[in-house]
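All remarks here apply to the structure that follows.
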Amino acid sequence: MLKELKSFLLRGNVVDLAVAVIIGAAFGAIVTSLVNDIITPLILNPALSAAGVDKIAELSWNGIAYGSFLSAVINFLVIGTVLFFIVKAAEKAQSFGKNKKKLSKKNQLQLNLKYFKKSKLCLKK
Numbered sequence: 001m002l003k004e005l006k007s008f009l010l011r012g013n014v015v016d017l018a019v020a021v022i023i024g025a026a027f028g029a030i031v032t033s034l035v036n037d038i039i040t041p042l043i044l045n046p047a048l049s050a051a052g053v054d055k056i057a058e059l060s061w062n063g064i065a066y067g068s069f070l071s072a073v074i075n076f077l078v079i080g081t082v083l084f085f086i087v088k089a090a091e092k093a094q095s096f097g098k099n100k101k102k103l104s105k106k107n108q109l110q111l112n113l114k115y116f117k118k119s120k121l122c123l124k125k
């Protein structure tokens with residue numbers, strides 16, 4: 001049973017997933033800080049001042065505290081945007097690697113054809 005657990009945990013996809021979760025949690029903390037400490041003060045301060053609150057979490061309307069929800073939506077949008085650009089960059093890098101492999105295969109085929117023609121000429125002599 002311990003051997004099975006060890007083999008399961010040491011599989012590449014499980015380790016990759018664990019690393020992704022840890023990095024994702026750290027990234028979430030960074031984005032939360034970005035939204036709360038930089039974006040909110042720069043962009044939303046006039047709106048917060050007009051509402052008479054200092055922090056976005058204090059926003060409420062008729063007893064409904066929507067400030068935390070608004071902060072979570074902003075976090076989601078920032079994370080989604082950053083992930084979109086990361087995925088696009090990864091896809092571009094993968095397609096570049098595939099194109100490079102295709103070119104090398106094409107070059108290999110050209111070389112094979114060249115050697116085939118030379119060997120054919122040698123056989124004719």
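FYI, in UniProt numbering the residues of the sequence shown are 1 to 125.
All C-beta atoms in this analysis are idealised placements derived from N, C-alpha and C, irrespective of residue type, glycine included.
Return the CA-CA distance between residue i and residue j, expressed in angstroms with no decimal places.
i	j	result
T40	I56	7 Å
N75	Q94	28 Å
L2	F8	10 Å
E4	I23	26 Å
L83	I64	31 Å
A29	K6	31 Å
N36	F96	37 Å
L77	Q110	49 Å
V92	N62	Note on residue identity: the sequence assigns Lys, not Val, to residue 92. Those two C-alpha atoms are separated by around 49 Å.
Going along the chain, which residues of its own chain have a beta-carbon closer than 6 Å to the beta-carbon of residue i, five neighbours each way excluded?
i	result
G67	I56, A57, E58 and L59
Using a Cβ cut-off of 7 Å (strictly closer), state whether residue i contacts chain E.
i	result
V21	Absent here is chain E; the protein component of the structure consists of one chain.
Could you say which of the options lies nearest to residue i if we only look at CA atoms?
i	options	result
T81	W61, D16, F27 and A18	F27
S71	A18, A89, E91 and I38	I38
Could you tell me which residues DSSP pairs with residue i in its beta bridges?
i	result
I22	Looking at the DSSP assignment, I22 forms no beta bridge with any residue, so it has no partner.
I64	W61
Excluding sequence positions up to five away, which residues of its chain have a Cβ less than 7 Å from the Cβ of residue i?
i	result
T32	N75
Margin query: Any contact between the region 8-22 and the region 36-51? By contact I mean 3 or more CB pairs, one from each, below 8 Å.
Written below: no
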